[in-house]
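First up is the structure itself, then whatever we jot down about it.
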Amino acid sequence: MSYVDELRNKIEEIEKGGHDKYHQKNEEKGKLFVRKRLELLFDEDIDIEDAFFANCVDPSLPSDGVVTGIGKINGQNVAVMANDSTVKAGSWGKRTVEKIIRIQETAENLEIPMLYLVDSAGARITDQIEMFPGRRGAGRIFHNQIKLSGRVPQVCLLFGPSAAGGAYIPAFCDIVVMVDGNASMYLGSPRMAEKVIGEKVSLEEMGGANMHCSVSGCGDVLVKTEEEAIDYARNYLAYFPANFRLKPNSVEPKEVKSFEKSITDLIPENQNAPFNMYDFINRIIDEDSFCEIKKKFAPELITGLARINGKSVGIIANQPRMKGGVLFPDSADKAAKFIQLCDAFNISLLFLMDVPGFMIGTKVERAGIIRHGAKMLASMSEATVPKISVVVRKAYGAGLYAMAGPAFEPDCCLALPTAQIAVMGPEAAVNAVYANKIAALPEEERPQFIKEKQDEYKNDIDIYRLASEMIIDAVVEPDKLRDELVSRYEVYESKNNTFTERKHGVYPV
Amino acid sequence: MTEVKANMAGNVWKIVVSEGDSVEADQDIVILESMKMEIPIATEEAGTVKELKVAEGDFVNEGDVLAVIE
Chain G
1230 MSYVDELRNK
1240 IEEIEKGGHD
1250 KYHQKNEEKG
1260 KLFVRKRLEL
1270 LFDEDIDIED
1280 AFFANCVDPS
1290 LPSDGVVTGI
1300 GKINGQNVAV
1310 MANDSTVKAG
1320 SWGKRTVEKI
1330 IRIQETAENL
1340 EIPMLYLVDS
1350 AGARITDQIE
1360 MFPGRRGAGR
1370 IFHNQIKLSG
1380 RVPQVCLLFG
1390 PSAAGGAYIP
1400 AFCDIVVMVD
1410 GNASMYLGSP
1420 RMAEKVIGEK
1430 VSLEEMGGAN
1440 MHCSVSGCGD
1450 VLVKTEEEAI
1460 DYARNYLAYF
1470 PANFRLKPNS
1480 VEPKEVKSFE
1490 KSITDLIPEN
1500 QNAPFNMYDF
1510 INRIIDEDSF
1520 CEIKKKFAPE
1530 LITGLARING
1540 KSVGIIANQP
1550 RMKGGVLFPD
1560 SADKAAKFIQ
1570 LCDAFNISLL
1580 FLMDVPGFMI
1590 GTKVERAGII
1600 RHGAKMLASM
1610 SEATVPKISV
1620 VVRKAYGAGL
1630 YAMAGPAFEP
1640 DCCLALPTAQ
1650 IAVMGPEAAV
1660 NAVYANKIAA
1670 LPEEERPQFI
1680 KEKQDEYKND
1690 IDIYRLASEM
1700 IIDAVVEPDK
1710 LRDELVSRYE
1720 VYESKNNTFT
1730 ERKHGVYPV
Chain F
30 MTEVKANMAG
40 NVWKIVVSEG
50 DSVEADQDIV
60 ILESMKMEIP
70 IATEEAGTVK
80 ELKVAEGDFV
90 NEGDVLAVIE
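Those protein sequence lines, which keep their order, are chains G and F.
Under the working numbering, think of the first position of the first sequence as 1230, with each following residue one higher.
Under the working numbering, think of the first position of the second sequence as 30, with each following residue one higher.
Shown next as structure tokens:
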């Protein structure tokens, strides 16, 4: 055999991954082979691969169970690490960890996005001294992720388990896409939970994709298939620049989708009656440009990327159709992370307000709603990208603050004629101020008195009064809002601020 | 069988179906009043309203069962 033939044979063997039976097992679960995943992910295929021969002296560990390299997505170079679950269930040995660390260092040097295609059983206990505790042990992977956070986009596609320490890879990514039925995240397996704490629980219930995307918030996007996850990632990255120094690329602007009902038709007169905020969003953004994040988690607040006149915009919108659009601890956390994401990568922000305030009561106080709400305020306040807030309907109490009210240096705070800004709504306010007086009145006189006081209150907070006091910057006709946003984002594009000088803030976490 | 649960604490303002009604997925079953807002609570699955567990004016906590759909 010639040298070249020997090399070719080795390459061919390694490219096959693990034993056939593991390929078959994956296929039964609807899981693709790692190299197929990469082929679908990149415009062409992986362009550069390093340490392909890692651990090649052991034929049972091709590439040591992970593929690392660089390829193009939407014409942009991105670095990737992708576990091969046909090789010892994608577990981490010494060289697996070193490969992951090196590709992260490459992403840092080149300032390009870093993708993690995770499908791994976790550490190889037999290799622990080599891969766990040291300077270039697995801990370094997370250290690198933390360092990369906000420098380059980090995306996790979770195709299988991400167990124990490995679960911190998704935790430190900007976004985690999970395949329903196959993806999971947990620190201790159900078997361990039963042994150690006596809990009997299924994997799906404890750490499944649906649970994480709707309850814990550790997952962001729930998809049915691996192909869908890959498509999502490709589309998502198109809204981002390669790193924090750059601005996102614009795309060809699209018109708004046409609808029978206008925005004006959509908004109910009664401030307390629900309407669907998605219908509103679709009437101001480029057609089919909404890329939602955390759809199933805290749905009373909508967060997603969109395009307005071809430019990336991050939208934070209260959803009156869910829980009245009231802010909860989870919705505040959801907003805080999303705002940080957009601000890190120079994506302008748009706040759409229809918010009765933060939830009250024992349950949320015990959950630390003040602490969680403070995180949202801090992220919003610190964001220095172009920031526009629109008061669609009510903006009561700290809801106005959290949604980039006038005090938090939005580039402008716009109001629709339906806007109502106040410490609290007329019903609550009259009740708070006149509770004793109302109680003292004969019952038949109460409705009349309450109505009079509510009308007085409404006059007091009239939106034109707030415009007159220059609290809001403009009152905009609802169906002209998009045009107004297009003009304003164009003007604000040259904004280049630093929030303040210091090491870092000390906010609640 | 699916249980329709309150997603936040509040008062039952209106019950918009009756026992025995057939309902579609995403159809509103109960409207709560909380934080001065109307909070529509819909069923995730289609079926027949087997039982209404609350009456108008009742206080409910997050997670309380409002109706059972079969």
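Glycine residues also receive a C-beta, built at the ideal position from the N, C-alpha and C atoms.
Exercise for review: Taking Met-1632 (chain G) and Ser-1610 (chain G) to be in contact with their CB atoms under 8 Å, please state how far apart those CB atoms are, rounded to whole angstroms.
Suggested key: The pair is not a contact, with the Cβ atoms about 12 Å apart (cut-off 8 Å).
**Study point:** Distance, Asn-1499 (chain G) Cα to Gly-1543 (chain G) Cα
**Key:** 28 Å
Review point. What three-state label does DSSP hand Tyr-1345 (chain G) in the structure shown?
Key: strand
**Study point:** Alpha-carbon spacing of Ala-1396 (chain G) relative to Leu-1416 (chain G), whole angstroms
**Key:** 7 Å
**Study point:** Asp-93 (chain F) versus Ile-70 (chain F): straight-line alpha-carbon distance, rounded
**Key:** 12 Å
**Study point:** Cβ-based neighbour list, Ser-1560 (chain G), same chain, cut-off 7 Å, excluding 5 preceding and 5 following
**Key:** Ala-1527, Glu-1529 and Leu-1530
**Study point:** Range of the contiguous alpha helix (DSSP H) that encloses Pro-1558 (chain G)
**Key:** 1558-1573
Practice item. Report the option in F:Met-30, F:Val-41 and F:Ala-84 whose CA atom is closest to the CA atom of Ala-54 (chain F). Key: F:Met-30
Review point. What is the C-beta distance between Met-1605 (chain G) and Ile-1598 (chain G), in whole angstroms, given that I count them as a contact (C-beta under 8 Å)?
Key: About 11 Å separates the two Cβ atoms, so there is no contact after all.
Check your understanding: How close, in whole Å, do the beta carbons of Leu-1270 (chain G) and Ile-1302 (chain G) come, if the pair is a contact with beta carbons under 8 Å?
Key -> 7 Å
Check your understanding: Which stretch, first to last residue, makes up the alpha helix (DSSP H) that contains Tyr-1468 (chain G)?
Key -> Segment: none, Tyr-1468 (chain G) is in no alpha helix (DSSP H) and carries neither H nor E.
Review point. Roughly how far, in whole angstroms, is the beta-carbon of Asp-1741 (chain G) from the beta-carbon of Val-1384 (chain G), given that I think they are within contact range, below 8 Å?
Key: Because chain G is modelled from 1230 through 1738, residue 1741 (chain G) falls outside the range shown and cannot be assessed.
Review point. Does the ligand GDP have a heavy atom nearer than 7 Å to the CB of Ala-1283 (chain G)?
Key: This structure does not include the ligand GDP; it has no bound ligands of any sort.
Exercise for review: Indicate whether Gly-86 (chain F) and Val-33 (chain F) have their beta-carbon atoms separated by less than 8 Å.
Suggested key: no
Review point. Gly-1553 (chain G) by DSSP, collapsed to three states: which one?
Key: helix
Review point. If we cut at 8 Å on Cβ distances, does Val-1705 (chain G) have a partner in chain F?
Key: no
Check your understanding: Can you list the residues of chain F that Asn-1501 (chain G) reaches, using a CB-CB cut of under 7 Å?
Key -> Lys-65, Met-66 and Glu-67
**Study point:** Which of helix, strand or coil DSSP assigns to Gln-56 (chain F)
**Key:** coil
Review point. According to the Cβ coordinates, are Pro-1296 (chain G) and Glu-1278 (chain G) closer than 8 Å?
Key: Pro is not the amino acid found at residue 1296 (chain G); the sequence shown has Val there. The answer is yes: Cβ separation under 8 Å.
Review point. Are the beta-carbon atoms of Ser-1320 (chain G) and Ala-1352 (chain G) separated by less than 8 Å?
Key: yes
Check your understanding: Closest Cβ-Cβ distance between Met-37 (chain F) and chain G: below 8 Å?
Key -> yes
Practice item. Could you run through the stretch 1437-1457 of chain G and flag, in chain order, every residue whose CB is less than 7 Å away from some CB of chain F? Key: none
Check your understanding: What separation, rounded to the nearest whole angstrom, lies between the Cα atoms of Ala-1607 (chain G) and Tyr-1736 (chain G)?
Key -> 7 Å
Check your understanding: Helix, strand or coil: how does DSSP classify Tyr-1415 (chain G) here?
Key -> strand
**Study point:** Simplified DSSP assignment, three categories, for Ile-1375 (chain G)
**Key:** helix
Review point. For the beta strand (DSSP E) that Leu-1714 (chain G) lies in, which residues bound it at each end?
Key: Where Leu-1714 (chain G) is concerned, there is no enclosing beta strand (DSSP E), although the alpha helix (DSSP H) it sits in stretches over 1710-1721.
Exercise for review: Can you pull the chain F residues whose beta carbon is under 9 Å from the beta carbon of Val-1555 (chain G), in chain order?
Suggested key: Met-37, Ser-63, Met-64, Met-66 and Ile-68
Practice item. Could you tell me which residues DSSP puts in a beta bridge with Met-1625 (chain G)? Key: Inspection of the sequence shows that residue 1625 (chain G) is occupied by Tyr rather than by Met. G:Ala-1651.
Review point. Along the chain, where does the beta strand (DSSP E) that runs through Asp-1508 (chain G) open and close?
Key: No beta strand (DSSP E) holds Asp-1508 (chain G); the alpha helix (DSSP H) holding it covers 1506-1511.
Practice item. Starting from Gly-39 (chain F), trace the beta strand (DSSP E) both ways and give me its first and last residue. Key: 39-44
**Study point:** Residues that DSSP places opposite Arg-1536 (chain G) in a beta bridge
**Key:** G:Ser-1541
Check your understanding: Buried or exposed: Phe-1488 (chain G), going by 16 or more other Cβ atoms within 10 Å of its Cβ?
Key -> exposed
Check your understanding: With 8 Å set as the bound, which would you pick, yes or no: does the beta-carbon of Glu-91 (chain F) sit closer than that to a beta-carbon of chain G?
Key -> yes
Exercise for review: Can you say whether Ala-1664 (chain G) is buried or exposed, counting buried as having 16 or more other CB atoms within 10 angstroms of its CB?
Suggested key: exposed
Point to revise | As assigned by DSSP and simplified to three states, the class of Cys-1285 (chain G) | key: coil
**Study point:** Cβ separation of Gln-1333 (chain G) and Ile-1358 (chain G), assumed to be a contact under 8 Å, to the nearest whole Å
**Key:** Their Cβ separation, rounded to whole angstroms, is 22 Å, which puts Gln-1333 (chain G) and Ile-1358 (chain G) out of contact at 8 Å.
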